[in-house]
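Worksheet: one structure, shown below.
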Amino acid sequence: MTVPDIIIAVDGHSSTGKSTFAKLAAKEFNLLYLDSGAMYRGVTLYAMEQGLIAPDGTIDEEGLREALPGLDLKFVSTPEGSKTFIGDRCVEGEIRTLEVSNRVSPVSAVAFVRAWVDERLRAMSRGGRVIMDGRDIGTTVFPDAELKIFMTADARIRAQRRFDEMVARGETPVFEDVLKNIEERDYIDSHRETSPLRRAEDAYVMDNSDMTLHEETVWLRGLVQGKFGILE
Ligand code: DC
Numbered sequence: 001m002t003v004p005d006i007i008i009a010v011d012g013h014s015s016t017g018k019s020t021f022a023k024l025a026a027k028e029f030n031l032l033y034l035d036s037g038a039m040y041r042g043v044t045l046y047a048m049e050q051g052l053i054a055p056d057g058t059i060d061e062e063g064l065r066e067a068l069p070g071l072d073l074k075f076v077s078t079p080e081g082s083k084t085f086i087g088d089r090c091v092e093g094e095i096r097t098l099e100v101s102n103r104v105s106p107v108s109a110v111a112f113v114r115a116w117v118d119e120r121l122r123a124m125s126r127g128g129r130v131i132m133d134g135r136d137i138g139t140t141v142f143p144d145a146e147l148k149i150f151m152t153a154d155a156r157i158r159a160q161r162r163f164d165e166m167v168a169r170g171e172t173p174v175f176e177d178v179l180k181n182i183e184e185r186d187y188i189d190s191h192r193e194t195s196p197l198r199r200a201e202d203a204y205v206m207d208n209s210d211m212t213l214h215e216e217t218v219w220l221r222g223l224v225q226g227k228f229g230i231l232e
């Protein structure tokens, strides 16, 4: 389907399948896919490696403020798709571990970290034709996005999906830990001071608790056709 040079913002709760959905949509509509969560995860991994997060989770904010300009975080196009890199090192796997997942929400609540990430996301999106997923894309990063989608699903269903993904990667997670991580992130993401997770007033809500990926795609196609008057 041919769409105009639009920006699609996909926001929502953790583990609602935003990135899978956005990647499929990017392919279908020939848009650039940008994963804003990967940026926050990359900053978190970097902060951990620089010793800026204490074992109790306390962030050395001053240290992070000084270290951030030295972080060369980017998306690199590879034969297996776009991957997150720090310098010339692929960190795609490391940024998805439970250690990083457990630390990322507090890091992403730091205002200067958000400003740093937002600046990069906007620079990478120049000219539009982008679909970006995150928590505040439709509210803060691109409040004028032509199409906004807000994804949600039951927390236990989301935890089960994340648990299955981790098992498939050879990890041995405990279900209750995965659920706890999701519930904690929902809370922190929705209650932080800077750009909290919330549905933009003009966002279309998708609760995919009982939807297949195919049903999600059909839903989106209908939405895009109706919104942009595309006859197909
Ligand atoms: O989408 P994800 O689970 O990979 O995101 C990781 C964390 O980053 C999530 O807990 C909240 C934060 N995040 C954010 O605050 N704003 C965004 N636009 C994207 C992610």
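If you read the sequence shown in our numbering, its first letter stands for residue 1, the second for the next number, and so on.
Backbone N, C-alpha and C fix where the C-beta goes; we use that ideal spot for every residue, glycine too.
Since the structure is predicted, the reported quantities are computational estimates derived from the model, not experimental observations.
Asked	Found
Cβ separation of G138 and A145, assumed to be a contact under 8 Å, to the nearest whole Å	6 Å
I131: first and last residue of the uninterrupted beta strand (DSSP E) it sits in	V130 to G134
Same chain, Cβ closer than 8 Å to V141, five either side skipped, listed in chain order	A9, S36, D118, L121, R122, M132 and G134
G81 CB to nearest heavy atom of the ligand DC below 7 Å	no
Length of the line joining the Cα atoms of G17 and S108	19 Å
Per DSSP, the bridge partner or partners of T84	F75
Residue nearest to K74 in terms of C-alpha spacing, selected from R89, D186 and E80	R89
Sequence-distant residues of the same chain with beta carbon closer than 8 Å to R156, five excluded per side	L179
Whether L45 touches E94 by CB criterion (8 Å)	yes
Check: Y33 C-beta below 7 Å from any heavy atom of the ligand DC	no
M1 burial status per 10 Å Cβ neighbour count (16 or more: buried)	exposed
Strand pairing of T152, partner residues [DSSP]	D207
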